[in-house]
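Novice: Add 360 to the 1-based position in the first sequence for the working numbering, that's all there is to it. Have a look at the structure that comes next, please.
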Amino acid sequence: MRGERCGRGFFGVEPVALAKRLLGQRLVRVLADGTRLAGEIVEVEAYLGVEDRAAHSFGGRRTARVEPMYGRPGTAYVYFTYGMHHCFNVVCGEVDEPVAVLIRALEPVAGIAEMEARRGVKGVKGGAGSSLLTSGPAKLCQAMEIDRRLNGIDLVTDSRLFIERVRERSLPAVRMGNSPRIGVAYAGSWASEPLRWFILGNPHVSRGARAKPRKRARDCVS
DNA sequence: ATGACGATTTACT
DNA sequence: GTAAATCGTCATA
361 MRGERCGRGF FGVEPVALAK RLLGQRLVRV LADGTRLAGE IVEVEAYLGV EDRAAHSFGG
421 RRTARVEPMY GRPGTAYVYF TYGMHHCFNV VCGEVDEPVA VLIRALEPVA GIAEMEARRG
481 VKGVKGGAGS SLLTSGPAKL CQAMEIDRRL NGIDLVTDSR LFIERVRERS LPAVRMGNSP
541 RIGVAYAGSW ASEPLRWFIL GNPHVSRGAR AKPRKRARDC VS
């Protein structure tokens, strides 16, 4: 099964809208040898830019690292952290508006054996289809070989990494969970803003994503 | 030049 | 539950 590749317009929206429309879509990575890896996006977080103390672009910071966030919607922002991990964001909004959505977890769909090989035996503890394979922002980058070489690329045109729209409408609100973001305790009041979205009940969401669903998820954006 | 700190993961008590 | 791993980035000097 294959979906249509997401174009510029898909990404040119505010981060909360993109976060919700990304749920259930498919992230595709094509390796140098043509191997196709794919996963359904099951958990994301919105980063709101200059106002958002948790965002790398908080206060309008514009350093070499954060520069991709100021690019066109659909730009990949891949950064290295903790001396050993990579995280992958989809830039959205408008040019020069440094907002993005962090991809936090995937449900493996294709190339599972290759992902397991890249994660190593530790990641395969649960066997094939283990929820440990791509249940975290750095885990999914390792599994799909997403690193700084892909920082700044255009997801709309690059053949190595892109997003396929496998559902025309957003996931129904009743299937979405919503909670504060993970690992941003330093962000003051922004740490408690409910800007994480995930697919309720999906076993591949990251740890800490067990927050209770909101009584009423916000309106869907098609 | 230097030091503090991560949008994390894993192993271990 | 807590702690270690490990280094690029950024603010300060």
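Note that CB positions come from ideal geometry on N, CA and C, so glycine has one too. Keep in mind the model is a prediction, meaning the values are calculated, not measured.
#1: Any idea if Ser495 is buried or exposed, counting beta-carbon neighbours within 10 angstroms, 16 or more meaning buried?
#2: Using CA atoms only, rank isn't needed, just tell me which of Ser552, Gln502, Pro428 is closest to Asp514.
#3: Quick one: what does DSSP say Met444 is sitting in, helix, strand or coil?
#4: By DSSP, does Ser549 sit in helix, in strand, or in coil?
#5: Measuring CA to CA, which of Ser491, Gly512, Asn511 is closest to Ala503?
#6: Exposed or buried, Glu589, counting other C-beta atoms within 10 Å across all chains shown (16 or more means buried)?
#7: Can you tell me where the alpha helix (DSSP H) with Pro497 in it begins and where it stops?
#8: Quick check: what's the CA-CA separation for Val373 versus Ser530?
#9: Asp654 to Cys447, Cα distance in whole Å?
#10: Between Leu382 and Val426, is the Cβ-Cβ spacing less than 9 Å?
#11: Could you tell me the distance, in whole angstroms, from the CA atom of Arg422 to the CA atom of Thr441?
#12: Between which two residues does the alpha helix (DSSP H) harbouring Phe370 extend?
#13: Smallest Cα separation from His564: which of Leu510, Pro497, Arg396, Val516?
#14: What residue range is occupied by the uninterrupted beta strand (DSSP E) comprising Leu390?
#15: Counting along the chain, where does the alpha helix (DSSP H) carrying Ala477 start and finish?
#16: Please name the residue, chosen from Met475, Asp393, Gly548, that lies closest to Ser519 on a Cα-to-Cα basis.
#17: Excluding the 5 residues flanking Arg478 on each side, which residues of the same chain have their C-beta closer than 8 Å to its C-beta?
#18: Here's the rule: buried if 16 or more other CB atoms are within 10 angstroms of the residue's CB, otherwise exposed. What is Arg576?
Specialist: In short, the structure shows the following:
#1: Translated into the one-based positions of the first sequence, residue 495 becomes position 135. Burial call: buried.
#2: Working through the first sequence from its first residue, we reach residue 514 at position 154. Here the closest residue by C-alpha is Pro428.
#3: Start at 1 with the first residue of the first sequence, and residue 444 comes out as number 84. Coil.
#4: By one-based count along the first sequence, residue 549 stands at place 189. Here Ser549 sits in helix by DSSP.
#5: On the first sequence, residue 503 is found 143 positions in, with the first residue counted as 1. Checking every option, the nearest Cα to that of Ala503 belongs to Ser491.
#6: Nothing about residue 589 can be reported from this structure: the residues present for the chain run from 361 to 582 only.
#7: Mapped onto the first sequence, residue 497 falls at position 137. Counting along the chain, the alpha helix (DSSP H) containing Pro497 begins and ends at 497 to 503.
#8: Here residue 373 refers to the residue found at position 13 when the first sequence is read from its first residue. Here residue 530 refers to the residue found at position 170 when the first sequence is read from its first residue. Whole-angstrom Cα-Cα distance: 14 Å.
#9: Past the boundaries of the shown model lies residue 654; the chain is included only from 361 to 582, so the question cannot be answered.
#10: To locate residue 382, count along the first sequence from 1; it is residue 22. To locate residue 426, count along the first sequence from 1; it is residue 66. Their beta carbons are not under 9 Å apart, which means Leu382 does not touch Val426 by this criterion.
#11: Locating residue 422 in the first sequence gives position 62, where the first residue counts as 1. Locating residue 441 in the first sequence gives position 81, where the first residue counts as 1. Arg422 and Thr441: Cα-Cα distance of roughly 17 Å.
#12: Here the question's residue 370 lines up with position 10 in the first sequence. Taken as a continuous stretch (DSSP letters only), the alpha helix (DSSP H) holding Phe370 covers 368 to 371.
#13: If you number the first sequence from 1, residue 564 lands on position 204. Checking every option, the nearest Cα to that of His564 belongs to Pro497.
#14: Translated into the one-based positions of the first sequence, residue 390 becomes position 30. The question names Leu, yet the displayed sequence has Val at residue 390. Taken as a continuous stretch (DSSP letters only), the beta strand (DSSP E) holding Val390 covers 386 to 390.
#15: Along the first sequence, read from residue 1 onward, the residue named residue 477 stands at position 117. Counting along the chain, the alpha helix (DSSP H) containing Ala477 begins and ends at 472 to 479.
#16: Numbered from its first residue, the first sequence carries residue 519 at position 159. Nearest of Met475, Asp393, Gly548 to Ser519, Cα basis: Asp393.
#17: Within the first sequence, numbered from 1, the residue matching residue 478 stands at position 118. If we look at Arg478 and ignore the five residues flanking it on each side, its Cβ neighbours are Gln502, Ala503, Met504, Glu505.
#18: If you number the first sequence from 1, residue 576 lands on position 216. Bear in mind that the predicted position of Arg576 carries a pLDDT of just 35, short of 50, making it too unreliable to give a figure here.
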